[in-house]
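Those letters in the sequence shown? Residues 5 to 328, by our numbering.
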Amino acid sequence: MIMVKTPFRISLVGGGTDLPAFYQKNGYGAVVSMAIKKYMYVMIHPYFHDKLRVKYSQTEDVDSIDQLKHPLARECLRMMKLNTGIEIASIADIPAGLGLGSSSSFTVCLLHALHAYQGRHVTKERLASEACQIEIDQLKEPIGKQDQYAAAYGGLNFVRFNADGSVKVDRFLNNTKLLSELMQRLLIFYIGRPRSARNILTEQQNSIGEGEKFKSGQQLVKLTHDMQEALISGKMDHIGEILHEGWMLKRGLASNITDSDIDRIYSFGLNAGASGGKLLGAGAGGFMLFYCDPDAKKNIREKIGLREICIEGDGEGSKVIYAE
5 MIMVKTPFRI SLVGGGTDLP AFYQKNGYGA VVSMAIKKYM YVMIHPYFHD
55 KLRVKYSQTE DVDSIDQLKH PLARECLRMM KLNTGIEIAS IADIPAGLGL
105 GSSSSFTVCL LHALHAYQGR HVTKERLASE ACQIEIDQLK EPIGKQDQYA
155 AAYGGLNFVR FNADGSVKVD RFLNNTKLLS ELMQRLLIFY IGRPRSARNI
205 LTEQQNSIGE GEKFKSGQQL VKLTHDMQEA LISGKMDHIG EILHEGWMLK
255 RGLASNITDS DIDRIYSFGL NAGASGGKLL GAGAGGFMLF YCDPDAKKNI
305 REKIGLREIC IEGDGEGSKV IYAE
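As structure tokens, then:
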């Protein structure tokens, strides 16, 4: 049996510039993101019957890959050339559709488990690249590449998406210390409304390469470099301002990223002492992140009044945790 755990992620700044419509025109896109200790787990075990069993929120018991309804599981198995005689189960710390990159974490996790099941040790680059191939090339999802790389690599990273499709991951020095400092200044609240990111990302993909939205994308890329500099130099007080400016730009990239309820929650956080923040993921629901001095956390919690999610940074990325 094989068991793999793969982290979810928080995108701090640059989301949207990892879409090919932007980075192919601009020459590159960039994000600063970090993996967190909230995980996708995938377990694989030989199946007694000459069939496939895949357990997620549903259970599928089928005779062949082509009969699988779960698109990510189907394409991962197809890529690994595993047809029958295998049982797969997945469990997640946080449900899908909440802006933490769960779909890509599942893809990376399942690929990692399948490689391990077949006796292969694979690089983080290969895991991320294969996940992108499945989600973007095979399934034609209107998504970027940041989630797959965050899930595979873990840690706090500056990720550059080049026009030729290649990706460069730069891990920050003193990663563990930086993650710890960031965690002391971050608050994350669940605002509800699980959603599919597909419509938002489709609109972004269709518009971010043109006009004012392209200019907003260029400004977001600049902010990733500002964030990189602030983290490297230890100017932690600047990070809230960068997050705020990034959110003001990001919210204009598609028509349904935010609404009056989300804007009201964000304003409550700022008025209570946060220096910046953002809605995590593509938009429309999920989790709201705030950045503040540790002394301001109590007041923000009281003013927001929503369920808080306590997180820590993950520095390992996707990892086999059991193999027998």
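We put the beta carbon where it would ideally sit given N, CA and C, even for glycine.
Predicted, not measured: the structure shown is a model, and the values here were computed from it.
Minimum Cα-Cα distance from isoleucine 204 among the listed residues Thr10, Gly20, Phe12 and Ile6 corresponds to Gly20. Annotation for asparagine 161: the continuous beta strand (DSSP E) segment containing it runs 160–166. For histidine 119, the number of other beta carbons within 10 angstroms of its own is at least 16, and it is reported as buried.
Taking the Cα of valine 66 as reference, the smallest distance to any Cα among Lys55, Lys239, Leu76 and His74 is reached at Lys55. Three or more Cβ pairs drawn from the region 148–159 and the region 101–111 lie within less than 8 Å of each other, which places the two stretches in contact. Of Met38, Tyr27 and Glu91, the smallest CA-CA separation from isoleucine 6 is found for Glu91.
Exclusion of the five residues before and after leucine 257 leaves Gly20, Gln208, Ile212, Lys217 and Ser220 as the residues of its chain whose Cβ lies within less than 7 Å of its Cβ. By the Cβ criterion, the region 38–47 is in contact with the region 9–19, since at least three pairs of Cβ atoms, one from each stretch, lie closer than 8 Å. It is roughly 10 Å from the alpha-carbon of alanine 300 to the alpha-carbon of serine 279.
Along the length of the region 252–316, whole alpha helix (DSSP H) runs at least 4 residues long occupy 264–275 and 301–308, reported in chain order. Fewer than three beta-carbon pairs drawn from the region 94–102 and the region 123–141 are found closer than 8 Å, and the two stretches are therefore not classed as touching.
For threonine 63, no alpha helix (DSSP H) run applies; the uninterrupted beta strand (DSSP E) run containing it begins and ends at 63–66, by DSSP.
Beta-carbon to beta-carbon, leucine 76 and isoleucine 138 are separated by about 7 Å, close enough to satisfy the 8 Å threshold. When DSSP reads this structure, aspartate 174 sits in a beta bridge with Phe162. Only residues of its own chain outside the window of five on either side were considered, and among them Gly159 and Asn161 have a CB closer than 6 Å to the CB of arginine 175, listed in chain order. With fewer than 16 neighbouring CB atoms inside 10 Å of its own CB, lysine 302 falls in the exposed class.
Residue Arg189 holds the alpha-carbon nearest to the alpha-carbon of leucine 293 among Arg189, Lys172 and Gly123. Between valine 225 and glycine 101, the CB-CB gap reaches or exceeds 8 Å. In the structure shown, the three-state DSSP call for glutamate 91 is strand.
Taking each of Phe291, Leu253 and Val58 in turn and checking the Cα distance to aspartate 265, the smallest one comes out for Phe291. Within the DSSP secondary-structure output, isoleucine 6 pairs in a beta bridge with Ile48 and Ala327.
Setting aside the 5 residues that flank it on each side, leucine 114 is surrounded in the same chain by Val46 and Cys80, each with a C-beta closer than 6 Å to its C-beta; the list follows chain order. For isoleucine 195, the enclosing beta strand (DSSP E) begins and ends at 190–196. For glycine 169, the three-state secondary structure derived from DSSP is coil. Residue pairing from DSSP places lysine 59 in a beta bridge opposite Thr63 and Ala93.
Close CB contacts of leucine 183 within its chain, under the 7 Å cut and outside five residues either way in sequence, are with Met38, Leu160, Gly317 and Gly319 (chain order). DSSP places methionine 83 within a helical segment (H, G or I) once states are collapsed to three.
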